[in-house]
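Novice: Here it is: the structure, laid out below.
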Amino acid sequence: MSPRNSVLEASRTRQRIVDRGLALASVDGLEGLTIGRLATELGMSKAGVLGHFGTKEGLQLAVVDAAAEMFARAVPQRARGVPPGLAHLSALCEAWVSYLEQELLPGGCFFTAVAAEFDDRGGPVRDAIAGLDSLWRRDLSIHIRRAVTVGDLPADTDPDQLVYELIGIMLALNHSLQLHRDKQAPERARRAVRRLLEAH
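In UniProt numbering, the protein residues as written are 1 to 200.
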C-alpha cells in the first residue's frame, strides 16, 4: 500500500470510529463511550482504536467536534441564503426543529445529553461543550439583533431573553421526543416558536 493510500485508509478508519462513537454517545453519554466497546463493534483492537486519538479524552473531543459538524450542516447551513431578519431567524428555528424531528442520532440531541452529563465537571471536554453552546447562543443573538436592525422586531427586544426562550422550546421538544415519543411535539414546538416571535 502506498503512503497516500495508507493515509487515506487511516482517515477513513478514524471517521468510522468517530461516527460510531457519536451514535453510541448520543445514547450512553460520553463517559459510556469506551475504547473496548468501540473496538468490539468495529472489529478492531483496543490499541487500533486508541492509536487514532491517543486517549479516551481525545476520542471524546473528536466526537464532540463531529456532533458540532452535524448540527452545523443540519441547522445553520440550511438557513443560508435566507435574507437577514425575522425570515432568517424563522428559517433557523425551523431547521432546528427539523434536526430534532429527524432524530439523526439514536439518542436524540447529542448536546442536550452531554450538557447534562458534563455541566458540573471541569476539563477540556466540558469546556468544548460549553464553548460550542456559547457560540450557538451568540449566533442566535446576532440574528435577533439583525431582525431588530431591519425593523422586523421591536427596538426594545431583549436578545438574551429571546435566546433563552427559544432554547427552552427546543429542550422541551427533545424531551418530548426522547422520553415520551410524542409525535405531536415537533408541531407543538413550531407553534410555540411562531407565538414567541409574533409576540415580539
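All C-beta atoms in this analysis are idealised placements derived from N, C-alpha and C, irrespective of residue type, glycine included.
Fair warning: this is a prediction, and the values are worked out from it, not measured in the lab.
If you follow the alpha helix (DSSP H) that residue 60 is in, where does it begin and where does it stop?
Specialist: Segment 56–74, the alpha helix (DSSP H) holding residue 60.
Novice: CA-CA distance, residue 187 and residue 136?
Specialist: Straight-line Cα distance between these residues: approximately 23 Å.
Novice: Helix, strand or coil for residue 109? Go by DSSP, reduced to three states.
Specialist: In the structure shown, residue 109 sits in coil (DSSP, three-state: anything other than H, G, I, E or B).
Novice: Counting only the same chain and skipping the five closest in sequence on each side, list residues whose C-beta sits under 7 Å from that of residue 67.
Specialist: If we look at residue 67 and ignore the five residues flanking it on each side, its Cβ neighbours are 22, 110, 111.
Novice: Tell me the DSSP secondary structure of residue 184 in three-state form.
Specialist: Correct three-state label for residue 184: coil.
Novice: For residue 46 and residue 57, what's the separation of their Cα atoms in angstroms?
Specialist: Rounded to the nearest angstrom, the two C-alpha atoms are 15 Å apart.
Novice: What is the residue span of the alpha helix (DSSP H) that residue 49 lies within?
Specialist: Start and end: 46–50.
Novice: Give me the residue from 149, 184, 179, 193 with the minimum Cα distance to residue 165.
Specialist: Of the listed residues, the one whose Cα sits closest to residue 165 is 193.
Novice: If we ignore side chains and look at the alpha-carbon of each, how far apart do residue 170 and residue 6 end up?
Specialist: Rounded to the nearest angstrom, the two C-alpha atoms are 43 Å apart.
Novice: Suppose the cutoff is 7 Å on Cβ atoms and the five residues either side in sequence are ignored; what does the same chain contact list for residue 101 look like?
Specialist: Counting only Cβ-Cβ distances below 7 Å, and skipping sequence neighbours, we find 186.
Novice: How would you call residue 8, buried or exposed, if buried means at least 16 neighbouring beta carbons within 10 angstroms?
Specialist: By the 10 Å Cβ count, residue 8 comes out exposed.
Novice: Work out the CA separation of residue 190 and residue 94 for me, nearest whole Å.
Specialist: C-alpha separation (whole angstroms): 7 Å.
Novice: Measuring only between beta-carbons, confirm whether residue 109 sits less than 8 Å from chain D.
Specialist: In the structure shown, chain D does not exist; there is a single protein chain.
Novice: Looking at the structure shown, is residue 53 part of a helix, part of a strand, or coil, going by DSSP?
Specialist: Here residue 53 sits in coil by DSSP.
Novice: Taking the alpha-carbon of residue 204 as reference, which of 42, 79, 32 has the nearest alpha-carbon?
Specialist: Nothing in the structure corresponds to residue 204, since the chain is present only between 1 and 200.
Novice: For residue 64, count neighbouring C-beta atoms within 10 Å of its own C-beta (all shown protein chains included) and say buried if the count is 16 or more, exposed if not.
Specialist: Under this definition residue 64 is a buried residue.
Novice: Since residue 50 and residue 35 should fall inside the 8 Å C-beta cutoff, what is the C-beta to C-beta distance between them, to a whole number of angstroms?
Specialist: Going by Cβ atoms, the distance from residue 50 to residue 35 rounds to 5 Å, so yes, they are a contact pair.
Novice: Assign residue 182 to buried or exposed, taking buried as 16 or more other Cβ atoms, counted over all protein chains shown, within 10 Å of its Cβ.
Specialist: So residue 182 ends up on the exposed side.
Novice: If you run the structure through DSSP and keep just helix, strand and coil, what is residue 34?
Specialist: Residue 34 falls in the coil class under three-state DSSP.
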